[in-house]
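Below is one structure, written out as structure tokens, with a few remarks after it.
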């Protein structure tokens, strides 16, 4: 096993891993919140920008690219519009980061106890551990992810007046299953995404650390995180678009910033509808800003995780002395 793989998987206790993962999630979310709002708005936009007739009768905004969406939100909703849904998102990232890294290290340890000749290669251990950790963390935090999406989809007309009111409304009108709309697409996306991300990160991290042009202050971790995120995010992006479309289904669907979101019933029907009416471009709407978001998010997450874990280990050593 390479030194880079061993470092992420074996350093720190479960408690330290949970704390470092939670802090990394909080910091990452705050940094990328505006890009997340822009991405969600673009993903929910169904009309074609190249055909004016397709949106001539639309009562909601028509966003044109990342910069155009940013300008529109700032003009119509102010600076705070870029942080809509940040409270449930921060809660989600806090819980997700902790659950993800805890599950990843725990599952990695279990897989590495498999005796030869059944032992898995390092890349397979990273992939399986990452996929399982992603599925567990996604399921545990999915209601918060759904609330984040719905608040980010609100324009000047507020659909929900508060986080508590949104929870009450969904529970009353949609039931418990309403909090898990699009969960199937979420799991279908996160399993290959996290598997590819951790496998790529564990492979790229020692390469970056031993680069002929050394990256100072731990930025080799960030660089590995950026590359791993771009590769994995691009591979599974259509499923993320499907998840977002399904998350805003329900009785309030016509009140979001995009008034013409179609009614979808499942992953397959959503995929078919987008492909038929919007084509390949519809599946990848918002990919540019998604990559702009995913790259720094992963970089900040792994950089913060490594720094916090280093601080916790140093503190333990100091207390032990």
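Residue numbers (this note's numbering): 412 to 732. All C-beta atoms in this analysis are idealised placements derived from N, C-alpha and C, irrespective of residue type, glycine included. As the structure is a computational prediction, the values presented were derived from the model and not from experiment.
Identify whether residue i lies in helix, strand or coil by the three-state DSSP scheme.
i	result
residue 729	helix
residue 564	coil
residue 437	helix
residue 455	coil
residue 533	helix
residue 430	helix
residue 492	helix
residue 571	coil
residue 675	coil
residue 424	coil
residue 636	helix
residue 700	helix
residue 656	helix
residue 670	coil
residue 663	coil
residue 528	coil
residue 647	helix
residue 445	helix
residue 472	coil
residue 554	helix
residue 707	helix
residue 723	helix
residue 715	helix
Throw me the rounded Cβ distance for the residue i and residue j pair, which I believe falls under 8 Å.
i	j	result
residue 542	residue 606	4 Å
residue 515	residue 608	Contact flag wrong, Cβ pair sits at about 10 Å.
residue 450	residue 701	5 Å
residue 711	residue 439	5 Å
residue 620	residue 713	Contact flag wrong, Cβ pair sits at about 12 Å.
residue 574	residue 499	6 Å
residue 445	residue 493	4 Å
residue 731	residue 640	Going by Cβ atoms, the distance from residue 731 to residue 640 rounds to 36 Å, so no, they are not a contact pair.
residue 672	residue 457	7 Å
residue 587	residue 616	Their Cβ separation, rounded to whole angstroms, is 40 Å, which puts residue 587 and residue 616 out of contact at 8 Å.
Would the beta-carbon of residue i fall within 9 Å of that of residue j?
i	j	result
residue 455	residue 583	no
residue 436	residue 553	no
residue 556	residue 597	yes
residue 564	residue 447	no
residue 716	residue 443	no
residue 618	residue 545	no
residue 650	residue 599	yes
residue 510	residue 719	no
residue 652	residue 693	yes
residue 495	residue 488	yes
residue 612	residue 646	no
residue 427	residue 517	no
residue 669	residue 472	yes
residue 675	residue 684	yes
residue 699	residue 479	no
residue 490	residue 474	no
residue 666	residue 568	yes
residue 577	residue 561	yes
Tell me which residue opens and which closes the alpha helix (DSSP H) that residue i is part of.
i	result
residue 497	497-523
residue 486	476-488
residue 615	594-620
residue 681	678-694
residue 585	Taken as a continuous stretch (DSSP letters only), residue 585 belongs to no alpha helix (DSSP H), as it is neither H nor E.
When you compare the CB of residue i with every CB in chain C, is at least one pair closer than 9 Å?
i	result
residue 631	The structure shown has no chain C; it contains just one protein chain.
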